Amino acid sequence: MLAVGANAGLSGMAVEHLDVTLALSVPTFVVVTKVDMAPKRVRKATLKAIAKHVRAPGVSKMPVMVRSEEEAMVAARNILSSRITPIFEVSSVSGAGLATLKTFLNLLPLKTDWAAVQSAPPEFAIEETFVVAGVGTVVSGVVRAGTIVAGDSLLLGPDSTGGFTPVIVKSIQVARSSAKAVAAGQTASLALKRVKRQAVGKGMMLLDAGLAPQAHYEFEAHIRAFSTRFPIRVGHEAVIHTGTTRATARVESIFPAAGESVTPQAGEVEVAFPVACADGVHEAAGAASAAASAPGSVSVSTTTESVVRFRFLYQPHYLRIGERVVFREGCVKGVGNITGVGGPPELVLRIAPSKKKQ
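Okay, so the sequence shown: first residue is 1 according to the UniProt record's numbering, each after it adds one.
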């Protein structure tokens with residue numbers, strides 16, 4: 001849900017948030033608030049700006065105004081089609097439009113068929129870690145696949161060396177209540193037996209040993225830029241977001257859409273992005289325009305994709321082919337899908353032996 005003030009218009013930050021959700025193929029709807037205090041002219045200009053952005057090339061969605069409960073039902077049924085963007089007008093003062101919005105929210109379908117992956121090997125993405133007195137180390141996150149039962153033995157990792165360590169799930173809590181098991185699609189907290197908090201961190205996974213998980217330093221992704229006109233060169237470092245992983249990686253190589261590798265010319269191979277970032281400020285703005293026209297530069301627009309190879313700087317991470325990836329470096333932002341993983345030959349699955357209590 002993207003909230004836009006009718007009196008303030010579509011700000012640069014709102015545009016950026018809308019771009020991210022659309023680029024990630026997240027079903028999106030817009031709620032225009034404060035319609036009671038916005039002048040009619042400003043209100044119409046806000047709606048026009050939203051509709052124009054949603055229809056833009058590379059997005060090509062249909063903005064749909066929802067003003068009745070019947071229209072809300074139709075919009076909720078079709079939200080997953082990726083063809084429409086419902087728009088609601090509401091006021092918290094007069095209450096206008098709130099009933100329609102509530103009807104729509106209550107009828108929203110699940111995007112993922114979690115029942116279909118509940119029989120798969122367990123995968124738990126760790127989002128937070130903490131210590132509970134009398135319990136020990138506790139991790140919270142989302143079950144991405146399978147079912148986890150209290151007492152299960154899973155692999156925790158990867159650590160800084162890329163290894164995975166066997167651990168035992170001591171107990172489970174769902175919505176602050178004890179549970180015997182937790183299934184795919186649910187958020188839960190798991191207490192781990194004899195695990196120090198320092199050994200667990202955000203972005204790590206709890207996985208079934210049958211998956212034979214491996215950690216990788218390098219990966220390739222089909223990337224599309226969506227929110228900046230400033231260039232990124234081979235050798236640039238960016239923050240990578242994929243799943244619960246957030247880590248710095250370096251651009252190792254850039255491939256054009258045709259698949260032919262781009263050869264760096266004096267280290268100046270670039271990807272020039274066409275749209276200004278939200279704040280319009282970048283320290284390299286002066287050099288960017290000249291660099292974009294440099295010989296050997298590769299242009300990536302919001303309607304084309306390139307294959308970019310990244311390498312994590314500090315430690316390997318667990319990655320899945322097909323998973324969404326977001327990268328950002330200053331005003332440079334882009335999204336894509338992981339198409340391949342791989343790293344140094346010495347990177348193999350390392351399972352630490354269980355520590356027996358002396």
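Using N, Cα and C, we set each Cβ at its ideal position, and we do this for glycine too. Values in this document were obtained by computation on a predicted structure and should not be read as measured data.
Its Cα nearest to that of Thr46, the residue Thr33 stands out among Glu220, Thr33, Ala56.
Distance between Ile254 and Ala212, taken at the CA atoms: about 30 Å. DSSP, read as helix, strand or coil, puts Gln173 in strand. For Thr245, same chain residues with a beta-carbon under 6 Å away, outside a window of 5 residues either side, are Gly203, His317 in chain order.
Under the Cβ criterion (8 Å, minimum of three pairs), the region 33 to 43 does not count as touching the region 59 to 77.
DSSP links Ala145 through a beta bridge to Glu123.
Bounds of the alpha helix (DSSP H) holding Val74 are 69 to 78. For Arg197, same chain residues with a beta-carbon under 8 Å away, outside a window of 5 residues either side, are Thr129, Phe130, Val131, Thr137 in chain order.
Secondary-structure assignment with DSSP links His216 through a beta bridge to His317. Boundaries of the alpha helix (DSSP H) around Arg43: 40 to 55.
Under the DSSP definition of a beta bridge, Lys333 partners with Arg328.
For the 7 Å CB-CB criterion, Ile126 and Val143 do not form a contact. Comparing C-alpha distances from Ala23 to each of Ser160, Met73, Gly334 shows the shortest one belongs to Gly334. Ala191 has Val138, Ser171 as its beta-bridge partners, per DSSP.
Annotated three-state conformation of Val200 is coil, per DSSP. Each of Ser153, Thr85, Trp114 was checked against the Cα of Gln186, and the nearest Cα belongs to Trp114. When DSSP reads this structure, Val93 sits in no beta bridge, so it has no partner. CA-to-CA, the gap between Ala75 and Leu108 works out to about 9 Å. At a Cβ-Cβ threshold of 7 Å, Ala188 and Val182 count as neighbours. Residue range 237 to 242 is occupied by the beta strand (DSSP E) that includes Val239. Across the set Phe124, Arg176, Pro158, Asp159, the C-alpha of Phe124 shows the shortest separation from the C-alpha of Val169. Here Ala215 is buried. Its C-beta has 16 or more other C-beta atoms within 10 Å.
The shortest CA-to-CA distance from Glu237 to any of Val251, Glu220, Ala116 is the one to Val251.
Taking all protein chains in view, the Cβ of Tyr217 is crowded by 16 or more other Cβ atoms within 10 Å, so the residue is classified as buried.
Taking 7 Å as the cut-off, the Cβ atoms of Ile223 and Val308 count as close. In this structure Ser153 is in contact with Pro166, their Cβ atoms being roughly 6 Å apart against a cut-off of 8 Å.
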